[in-house]
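Residue numbering for the sequence shown is 33 to 344, as defined by this note's numbering.
Ideal placement from N, C-alpha and C gives every residue a C-beta, glycine not left out.
Computed from a predicted model, the values in this text were never measured in an experiment.
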Amino acid sequence: MDPINFIFSILIFPGLIFAAGVGLLFEGIDRKIAAHMQSRIGPPIWQPYLDIGKLLGKEDITPARAQRWMFTLAPLLAFGAILAVMTVLPINSSVPAFGSTADIIVVIYLLNIPAISLMLGGYSSSGAFGIIGSARYVVQLFGYEFPFIVAALTTGVFTGTLSLAAIVNFQSQNGWLVFQLPLAFIAALLVAPGKLLKTPFDIPEAETEIVQGPLTEYSGPKLALFKLAYNMEILAVAGFITALFLGGPTAFAIGGAQIPGVVGFFIKALAVVLLMTLIRCVTARMRIDQALKFYWIPVAVLAIINLIVVMI
């Protein structure tokens with residue numbers, strides 16, 4: 033790849049500007065739909081953009097007892113990892129900007145870095161709420177990651193490849209995998225709110241209990257970077273599920289009209305986000321032990337059953 037295309041992929045599409053713009057839009061739509069489902073007016077769809085802009089202009093305060101280097105590095109790690117995920121996902125065509133033969137493994141690895149960064153940020157803040165939230169997140173991570181890995185690898189076993197480009201091409205010829213691997217799709221969809229800390233799995237950031245958990249001591253640009261990484265992660269997780277089960281950017285028809293490329297990817301990813309919105313609006317926050325049992329028993333069992341069926 034020549035330097036100009038490399039810079040374009042990182043900074044414009046599918047990198048920073050696209051990921052941040054669409055991620056913030058998804059967050060705004062999520063808030064607005066949730067408000068209507070709860071009989072509220074809710075904030076405007078563009079509110080997340082205003083929130084990030086306001087935080088960037090606020091004072092950047094580092095707690096006196098914090099481990100400064102880790103406290104500062106954590107949001108940068110989270111942001112960089114999600115930016116890397118976006119360049120691996122097939123968004124406009126089946127060929128991603130920086131694809132490989134083992135994209136699934138790469139994406140699973142990169143999606144764990146924001147979680148680890150948030151934990152390290154909470155621990156390094158030396159605040160009680162941050163430490164408690166980070167401890168909860170460690171437990172929750174061990175709960176949801178196993179079924180997520182199994183669900184993702186099931187698509188690889190079924191198609192015979194770990195390349196997202198190859199999986200998307202397979203679906204363009206054989207139909208979306210959501211119809212052939214429904215249990216794996218359900219498992220991945222149930223894991224997504226846990227990865228994104230959405231109700232009922234917002235346990236590490238429970239505002240009524242521990243303020244904002246690992247983010248409690250963050251402010252200004254550092255908090256803005258964490259928030260921006262989180263909103264980009266919404267798109268990244270929804271996009272990963274879209275590529276695995278919904279055909280990625282492959283064209284589909286609505287009312288006889290063909291919806292191609294990035295538009296189709298956007299619609300499918302938004303549908304995944306709206307399903308997560310529905311989940312968070314009809315459920316209440318679990319305790320950490322309940323979340324762990326939920327992921328290790330029904331969700332993991334769904335993923336394992338589908339994997340066994342595929343292997344047989």
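Query: Spatial distance of aspartate 83 from proline 253 (CA atoms); Result: 11 Å
Query: Tryptophan 208 versus Thr282, Ala261 and Leu173, residue with shortest Cα-Cα distance; Result: Thr282
Query: Contact test: leucine 255 Cβ vs the ligand GTP heavy atom, cutoff 7 Å; Result: Looking for the ligand GTP in the displayed structure turns up nothing, as the structure carries no ligands at all.
Query: Glutamine 290 in three-state terms, based on DSSP; Result: strand
Query: Closest Cα partner of glutamate 249 within the set Gly159, Phe297 and Glu241; Result: Gly159
Query: 8 Å Cβ cutoff met for phenylalanine 233 and alanine 332; Result: no
Query: Per-residue burial, valine 223 [other beta carbons within 10 Å of its own, 16 or more giving buried]; Result: buried
Query: Beta-carbon gap between leucine 88 and asparagine 263 smaller than 8 Å; Result: no
Query: Endpoints, alpha helix (DSSP H) assigned at proline 203; Result: Per the sequence shown, the amino acid found at residue 203 is glutamine instead of proline. Segment 196-206, the alpha helix (DSSP H) holding glutamine 203.
Query: Contact set for glutamine 172: own chain, Cβ-Cβ below 7 Å, skip 5 residues either direction; Result: Gly226, Phe233, Ile235, Pro236, Ile320 and Ala323
Query: Where phenylalanine 233 sits in the DSSP three-state scheme; Result: coil
Query: Where alanine 316 sits in the DSSP three-state scheme; Result: coil
Query: Isoleucine 73 vs alanine 67 beta-carbon contact at 8 Å; Result: yes
Query: Contact check, arginine 110 vs leucine 48, beta carbons under 8 Å; Result: Strictly speaking, residue 110 in this sequence is alanine, with arginine absent from that position. Not a contact, by the Cβ cut-off of 8 Å.
Query: Contact between the stretch 334-343 and the stretch 306-319 (3+ Cβ pairs under 8 Å); Result: no
Query: Other residues of its chain near isoleucine 140: CB distance less than 7 Å, five sequence neighbours each side excluded; Result: Ile181 and Ala184
Query: Start-to-end residues for the alpha helix (DSSP H) that takes in leucine 247; Result: Per DSSP, leucine 247 belongs to no alpha helix (DSSP H) and is neither H nor E.
Query: Contact between the stretch 301-310 and the stretch 270-288 (3+ Cβ pairs under 8 Å); Result: yes
Query: N- and C-terminal bounds of the alpha helix (DSSP H) containing threonine 240; Result: 239-242
Query: Pair within 8 Å by beta-carbon distance, leucine 148 and tyrosine 155; Result: Per the sequence presented here, residue 148 reads as isoleucine, with leucine not at that position. It is not a contact, given that the beta carbons lie outside the stated cut-off.
Query: Integer Cβ distance of isoleucine 123 from valine 341, believed to fall under 8 Å; Result: With a Cβ gap of about 30 Å, isoleucine 123 and valine 341 do not count as contacting.
Query: Limits of the alpha helix (DSSP H) - the one that glutamine 172 falls within; Result: 160-191
Query: Candidates Gln70, Ala113 and Ala98: closest to leucine 257 by CA position; Result: Ala113
Query: Integer Cβ distance of phenylalanine 50 from isoleucine 44, believed to fall under 8 Å; Result: 7 Å
Query: Strand pairing of phenylalanine 103, partner residues [DSSP]; Result: DSSP, once it has assigned bridges, lists no residue as partnering phenylalanine 103.
Query: Distance between beta carbons of glycine 153 and glycine 245, contact taken as under 8 Å; Result: Not confirmed; about 10 Å, so no contact.
Query: Neighbour-count burial assignment, glutamate 241, 16 or more Cβ in a 10 Å radius; Result: exposed
Query: Option in Phe190, Trp101, Ser71 and Val54 with minimal Cα separation from tryptophan 78; Result: Val54
Query: DSSP state of alanine 275 mapped onto helix, strand, coil; Result: helix
Query: Alpha helix (DSSP H) segment containing isoleucine 42, residue limits; Result: 35-43
Query: Exposure label - arginine 168; buried when at least 16 CB within 10 Å; Result: buried
Query: Rounded separation between glycine 188 and threonine 133 - CA only; Result: 11 Å
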